[in-house]
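Counting in the UniProt record's numbering, the sequence shown runs from 1 upward without gaps. Beta carbons are placed, not taken as given, at the ideal position from N, Cα and C, and that holds for glycine. For reference, the structure is listed below as structure tokens.
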Amino acid sequence: MLNDLGGAEVLREARESDVESIREWRNHPKTRGASIWTAYITPEGHAQWWAKVRADPARRVLIFSYAGRDCGVVTFNDHDPVAGSAEWGFFLDVDGLQERGELLPAWMELERAAVDYAFGEMGLRSVGGRTLAWNKQVIALHRRFGFVEVPSRRYTTEIDGAEQLVVWTEKTRTT
């Protein structure tokens, strides 16, 4: 069973009909600007990604809904059922949520739903993700939801010609 809020489904498996919305949301300049991979995603490149995701049992792509509207994506990669771990990521329909004045509450609900899904539906023992170190808002939100920084997993990478520090935050199931 997927997460729900007041009886409304908030996370569901992505479908073929979601592919273009996923690409549009991921290509938003604010989303690309806060990502490790900043390149514009073409329809062809996105179709190749979608085909790989659908064929890989270690990856999940979920559509997030807030206030009854699809408005975000949660991904789980490198799902290792034996270790009980996965890497997660997310992005939102920035323009649509800002227009409706719902960006912050939707973002918080997405994080709550993703954590619940990881430890409930997927049965993970730990879930973690990468964030660019300058993105203090995202790191603060992760901390609010119980994620801790793992210093040994920090690294630098080149993004658009500049070295960037990448921070790994992780949450471990407590029960």
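Asked: V74 to L11 span [Cα, whole Å]; Found: 8 Å
Asked: Rounded separation between F145 and G128 - CA only; Found: 12 Å
Asked: Closest by C-alpha distance to R54, when choosing among F76, Q98, V138, E149; Found: F76
Asked: Residue ranges of each beta strand (DSSP E) within the UniProt domain "N-acetyltransferase" (10 to 148), 3 or longer; Found: 11 to 13, 60 to 66, 69 to 80, 85 to 92, 126 to 132
Asked: Residue span of the beta strand (DSSP E) that contains T174, given as start and end; Found: Taken as a continuous stretch (DSSP letters only), T174 belongs to no beta strand (DSSP E), as it is neither H nor E.
Asked: 9 Å Cβ cutoff met for V94 and W25; Found: yes
Asked: Length of the line joining the Cα atoms of G123 and E87; Found: 14 Å
Asked: Contact check, A14 vs I22, beta carbons under 9 Å; Found: yes
Asked: Buried versus exposed, by CB contacts within 10 Å (16 or more), K136; Found: exposed
Asked: DSSP bridge partner residues for V166 (one or two, in chain order); Found: L132, Y155
Asked: Pick from R125, K52, L104, R130 that is closest to S85, judged by C-alpha positions; Found: R125
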